[in-house]
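J.: Can you keep this structure in mind? I'll have questions shortly.
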Amino acid sequence: MSLFFQLVVSGLASGAIYAALAIALVLIFRATSIVNFGQGEMATFSAYCTWQMINWGVPVWLSLLICLAASFIVGIIVFRSFIQPLIGAPIEAMVVVTLGLFVLFQAVTMWIWGADQRAFPSIFPDGGIAIGGVQVRISALGTLLALAIAALSIGLVFRFTRLGLSMRASAYDRTKSMLVGIKVQRMLMLGWGLAAVIGMIAAVLIAPRLLLSPTMMTPILFYGLAAATLGGWDSPFGAVVGGLLVGVAESLGGSYLPMVGAELRIVVPIALTLIILLVKPVGLFGSYKVTKL
Amino acid sequence: MNSRSLPTFIKVGAAAIALIAPVFLPDFLLFEVCIALSYSIAVLGLNLLMGFAGQICLAQGALFGFGAYVTAYLNAEFGLSPYWTLPAAAVLTAAAGLAVGLPALRLQGLQLAIITFGIAAAFPQALLKFDWLTGGVSGLPIDSLETPAPFAGRPELWLYLVTVACAGVAVLLVSLVLFGDTGRTLRAQRDNAQIAEALGVNLTKVRLWAFGISSALAGLGGGVFAILNGFISPQSFLAAVSINIVIASIVGGTTTITGAFIGGLFIVFVPTWTSDINLALGNVIYGLALIGVMMISGNGVVGLVKKLVCGMLQTTSGNVPSLKSIQGRKQWIALRK
Chain D
1 MSLFFQLVVS GLASGAIYAA LAIALVLIFR ATSIVNFGQG EMATFSAYCT
51 WQMINWGVPV WLSLLICLAA SFIVGIIVFR SFIQPLIGAP IEAMVVVTLG
101 LFVLFQAVTM WIWGADQRAF PSIFPDGGIA IGGVQVRISA LGTLLALAIA
151 ALSIGLVFRF TRLGLSMRAS AYDRTKSMLV GIKVQRMLML GWGLAAVIGM
201 IAAVLIAPRL LLSPTMMTPI LFYGLAAATL GGWDSPFGAV VGGLLVGVAE
251 SLGGSYLPMV GAELRIVVPI ALTLIILLVK PVGLFGSYKV TKL
Chain Z
294 MNSRSLPTFI KVGAAAIALI APVFLPDFLL FEVCIALSYS IAVLGLNLLM
344 GFAGQICLAQ GALFGFGAYV TAYLNAEFGL SPYWTLPAAA VLTAAAGLAV
394 GLPALRLQGL QLAIITFGIA AAFPQALLKF DWLTGGVSGL PIDSLETPAP
444 FAGRPELWLY LVTVACAGVA VLLVSLVLFG DTGRTLRAQR DNAQIAEALG
494 VNLTKVRLWA FGISSALAGL GGGVFAILNG FISPQSFLAA VSINIVIASI
544 VGGTTTITGA FIGGLFIVFV PTWTSDINLA LGNVIYGLAL IGVMMISGNG
594 VVGLVKKLVC GMLQTTSGNV PSLKSIQGRK QWIALRK
């Protein structure tokens, strides 16, 4: 039984990272109805920038702060230059553009820093604590805590501030928000910037475990997509639950299902996605949309 | 339809070039062109699905690999002649594609993109996992084709002709689908799913058809790829192949047939030419091409050429009318009279 709990704990730790990326994806989807396939690679790029600054001798926390700000700006630049001109284009066109972001950011990262793996310093201390026979690493706790803080602060901003209200309004109905005086373009821009910041948090949290490489976030992106589908594409809360569920399911499935095993873990989120699409296509916490002719 | 397809002389010219190409191309380049053609068959399928049906599939490379493995397995295990494995590859891949697409196709395009993205990532892993079937890392060999006597001196030429024949079959199939009723239905549901449904189009059925044919073409392309190489391993079907096929479709022009071949050549020759300069350069070009095409013309190289050619043909009439506005369409009709 202790193996089971051990697996659940490690699943929650990876799930927190999937959840973080899923929040970023959901933020962008709510704002602009786009699934950003480039999110993970943008995050990798930010993580590389952080690594570079730490390598230059800048203190870890300072470089994190600077790069978080920089990611925010990169998110805005990407939105302004590639996404804004195409708003209203059909879905497949938007998928192609974000796929372009995926390829482009990965290639640029590889061009600047090469394909070698690099060690990324953990922001949490080493070691672990034992809770009833289950060994919990401090970095796992820290990851969960970071996710909780990020999710909570976003939730609070959305719920209780004027800015959050405007952002929700412009996500809900662009035209009507414009009519009541909300600067919709600015809100969409903010959404993209915020998503880039959260994506970078996910990348920085996972980098010590996976080692930094240009393709580091590609599998994570898929888990994030599965998490967002599971939780519902218009619900940040759903993204968190979905991420944790995907993490635990992956960890348990990889160990208990012999035909899945460690190599085919990625099948678990695919199966989860297929099941949720068959049973409740809008996801656990998503809402149905009515289309008018 | 006439006003939207390339002038006949360009098509005839392209076909003529394809026929005389092997005469002056060295063997190695001819082989590269064959590989490009095998990709083009898969790209053609994706064009049908993405350009005409409005559904995006990011697992075309995995289906391509599935077809390649069907060919290799039937040949290696049952000693089936490589020629006969090709139809089997197409049919079995179509079945596999439908099994994947059925749950996702009930919904809007995004879900299909997400599911297929996962399949593309999982496929190479699955190949390694089921090594009793696929040979694992060491891959599977395929017998080389029996070359008929007249081509004995240059077997590459025979391979080229077989590849061209398969590409021809693919073009024929796609044209048959597009120019009939099915093509109209496909475009209708792409342009406005609700109205099409209200007019009696069964969305799921139409999309499944498109997905099935697209998968079949991916399988056929994969089979040809396996025969050309004579050996396949999971390394040839990484997730990047699926993305490359999307790139080929977009760069060539996703609502065209000619574009599939331009795209196929693009994804084979760009990496060859750029890897000498910088390994990442090819991907930078890919990324910029994907975004650029979407922002500039939306219909790739063929779209640009059409614009240019139409512009040249109609310089006398001043501006080229746009098909997007009603006024523009009226001008077009007037011009064609």
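Residue numbers (the numbering used here), protein chains in the order written: chain D, 1 to 293; chain Z, 294 to 630.
Don't be surprised by glycine CBs; every beta carbon is placed ideally from N, CA and C.
#1: Below 9 angstroms between beta carbons: does that hold for Leu342 of chain Z and Ile334 of chain Z?
#2: State the Cα-Cα distance for the pair Ala369 of chain Z and Leu225 of chain D, rounded to the nearest angstrom.
#3: Taking the alpha-carbon positions, what's the Leu187 of chain D to Ile87 of chain D distance?
#4: Nearest by alpha-carbon distance to Gly358 of chain Z: which of Z:Lys600, Z:Leu322, Z:Thr427, Z:Leu583 is it?
#5: For chain Z, is any of its Cβ atoms less than 9 angstroms away from the one on Thr44 of chain D?
#6: Examine the Cβ distances between the region 17–26 of chain D and the region 86–103 of chain D and report whether three or more of them are shorter than 8 angstroms.
#7: For Glu41 of chain D, count neighbouring Cβ atoms within 10 angstroms of its own Cβ and tell me buried if that reaches 16, exposed if not.
#8: Please report the distance separating the alpha-carbon of Leu257 of chain D from that of Leu264 of chain D.
#9: With 9 angstroms as the threshold, decide whether the Cβ of Val246 of chain D is near any Cβ in chain Z.
#10: Taking C-alpha atoms, which residue in D:Lys176, D:Ile129, D:Phe37 lies nearest to Gly199 of chain D?
#11: Report, in whole angstroms, the separation of the C-beta atoms of Leu205 of chain D and Thr143 of chain D, which I expect to be a contact under 8 angstroms.
#12: Where are the alpha helix (DSSP H) runs, 4 residues long or more, that stay fully inside the region 441–514 of chain Z, in chain order?
#13: If you draw a straight line from the alpha carbon of Val696 of chain Z to that of Val134 of chain D, how long is it in whole angstroms?
#14: Give me the chain Z residues within the contact set of Thr161 of chain D, using Cβ-Cβ distance strictly less than 9 angstroms, ordered along the chain.
#15: Give me the residue from Z:Leu391, Z:Tyr362, Z:Ser374, Z:Thr456 with the minimum Cα distance to Pro315 of chain Z.
#16: Leaving out the 5 sequence neighbours to the left and right, which residues in its chain are closer than 7 angstroms to Ser331 of chain Z when beta-carbon positions are compared?
#17: Tell me Gln52 of chain D's beta-bridge partners as DSSP assigns them.
#18: If you compare alpha carbons, which of Z:Val544, Z:Lys600, Z:Asn576, Z:Val384 is closest to Trp647 of chain Z?
#19: Quick one: is Val594 of chain Z near chain D, going by C-beta distance under 9 angstroms?
#20: According to DSSP, is Gln135 of chain D helix, strand or coil?
#21: Using three-state DSSP, classify Ala130 of chain D as helix, strand or coil.
#22: CA-CA distance, Val103 of chain D and Leu574 of chain Z?
#23: Closer than 9 angstroms, CB to CB, is Leu212 of chain D near chain Z or not?
#24: Tell me whether Phe524 of chain Z sits in a helix, a strand or coil according to DSSP, three-state version.
#25: Which value, in whole angstroms, describes the spacing of the CA atoms of Leu3 of chain D and Phe222 of chain D?
#26: Which first and last residues belong to the alpha helix (DSSP H) in which Lys304 of chain Z is found?
#27: Should the region 225–243 of chain D be regarded as contacting the region 399–419 of chain Z, the criterion being three or more beta carbon pairs within less than 8 angstroms?
#28: Is any beta-carbon of chain Z found at less than 9 angstroms from that of Phe120 of chain D?
#29: Against Pro219 of chain D, what residues of chain Z qualify as contacts under a CB-to-CB distance less than 9 angstroms, listed in chain order?
#30: Are the CB atoms of Asp320 of chain Z and Glu439 of chain Z nearer to each other than 9 angstroms?
#31: Against Trp111 of chain D, what residues of chain Z qualify as contacts under a CB-to-CB distance less than 8 angstroms, listed in chain order?
#32: Which residues, in chain order, does the region 544–567 of chain Z contribute to contact with chain D at a C-beta distance below 7 angstroms?
#33: Any idea if Ser153 of chain D is buried or exposed, counting beta-carbon neighbours within 10 angstroms, 16 or more meaning buried?
T.: Straight from the coordinates:
#1: Position 49 of the second sequence, counted from the first residue, corresponds to residue 342 of chain Z. Position 41 of the second sequence, counted from the first residue, corresponds to residue 334 of chain Z. Against a cut-off of 9 angstroms, the Cβ pair of Ile334 of chain Z and Leu342 of chain Z comes out as no contact.
#2: By one-based count along the second sequence, residue 369 of chain Z stands at place 76. By one-based count along the first sequence, residue 225 of chain D stands at place 225. Roughly 38 angstroms separates the two Cα atoms.
#3: If you number the first sequence from 1, residue 187 of chain D lands on position 187. If you number the first sequence from 1, residue 87 of chain D lands on position 87. Note that residue 187 of chain D is Met in the sequence shown, not Leu. Straight-line Cα distance between these residues: approximately 14 angstroms.
#4: One-based indexing of the second sequence puts residue 358 of chain Z at position 65. Ranking Z:Lys600, Z:Leu322, Z:Thr427, Z:Leu583 by Cα distance to Gly358 of chain Z puts Z:Thr427 first.
#5: Residue mapping note: residue 44 of chain D aligns to position 44 of the first sequence, counting from 1. No, Thr44 of chain D does not count as interfacial toward chain Z.
#6: no
#7: As a first step, residue 41 of chain D must be located in the first sequence, where it is residue number 41. Buried.
#8: Position 257 of the first sequence, counted from the first residue, corresponds to residue 257 of chain D. Position 264 of the first sequence, counted from the first residue, corresponds to residue 264 of chain D. Their backbone Cα atoms lie some 10 angstroms apart in a straight line.
#9: Counting from 1 along the first sequence, the entry for residue 246 of chain D is found at position 246. With 9 angstroms as the cut-off, Val246 of chain D does not count as an interface residue toward chain Z.
#10: On the first sequence, position 199 is the one that residue 199 of chain D refers to. Looking at the Cα atoms, D:Phe37 is the closest of the given residues.
#11: Translated into the one-based positions of the first sequence, residue 205 of chain D becomes position 205. Translated into the one-based positions of the first sequence, residue 143 of chain D becomes position 143. Indeed they touch by this definition, with Cβ atoms about 5 angstroms apart.
#12: 448–472, 474–484, 486–491
#13: Nothing about residue 696 of chain Z can be read from this structure; chain Z reaches only from 294 to 630.
#14: On the first sequence, residue 161 of chain D is found 161 positions in, with the first residue counted as 1. The contacting residues do not exist; Thr161 of chain D stays about 30 angstroms from chain Z at best.
#15: Residue 315 of chain Z sits at position 22 when you count from the first residue of the second sequence. Closest option to Pro315 of chain Z, Cα to Cα, is Z:Thr456.
#16: The residue you call residue 331 of chain Z lines up with position 38 of the second sequence. If we look at Ser331 of chain Z and ignore the five residues flanking it on each side, its Cβ neighbours are Thr456, Gly514, Val517, Phe518, Leu521.
#17: In the first sequence, counting from the first residue as 1, residue 52 of chain D sits at position 52. According to DSSP, which records beta bridges pairwise, Gln52 of chain D is partnered with nothing at all.
#18: Chain Z is shown only over 294 to 630; residue 647 of chain Z falls outside these bounds and no answer can be derived.
#19: Counted from its first residue, the second sequence places residue 594 of chain Z at position 301. So no, Val594 of chain Z is outside the interface.
#20: Along the first sequence, read from residue 1 onward, the residue named residue 135 of chain D stands at position 135. In the structure shown, Gln135 of chain D sits in a strand (DSSP, three-state: E or B).
#21: The residue you call residue 130 of chain D lines up with position 130 of the first sequence. DSSP places Ala130 of chain D in strand when its eight states are reduced to three.
#22: The count along the first sequence starts at 1 and reaches residue 103 of chain D at position 103. The count along the second sequence starts at 1 and reaches residue 574 of chain Z at position 281. Between Val103 of chain D and Leu574 of chain Z, the C-alpha separation is close to 11 angstroms.
#23: Position 212 of the first sequence holds residue 212 of chain D. Output row for Leu212 of chain D: interface = no.
#24: Here residue 524 of chain Z corresponds to residue number 231 of the second sequence, with the count starting at 1. Correct three-state label for Phe524 of chain Z: strand.
#25: Here the question's residue 3 of chain D lines up with position 3 in the first sequence. Here the question's residue 222 of chain D lines up with position 222 in the first sequence. Their Cα atoms are separated by approximately 26 angstroms.
#26: By one-based count along the second sequence, residue 304 of chain Z stands at place 11. Lys304 of chain Z -> alpha helix (DSSP H) spans 301–317.
#27: yes
#28: Start at 1 with the first residue of the first sequence, and residue 120 of chain D comes out as number 120. Cβ-Cβ to chain Z under 9 angstroms: no for Phe120 of chain D.
#29: In the first sequence, the residue the question calls residue 219 of chain D occupies position 219. What Pro219 of chain D touches in chain Z: Ala414.
#30: Looking up residue 320 of chain Z in the second sequence gives position 27. Looking up residue 439 of chain Z in the second sequence gives position 146. No, the Cβ-Cβ distance between Asp320 of chain Z and Glu439 of chain Z is not below 9 angstroms.
#31: By 1-based counting over the first sequence, the position of residue 111 of chain D is 111. Near Trp111 of chain D (Cβ distances below 8 angstroms), the residues of chain Z are Asn571, Ala573, Leu574, Val577.
#32: none
#33: Along the first sequence, one-based indexing puts residue 153 of chain D at 153. The residue in question, Ser153 of chain D, is exposed, as its Cβ has fewer than 16 Cβ neighbours within 10 Å.
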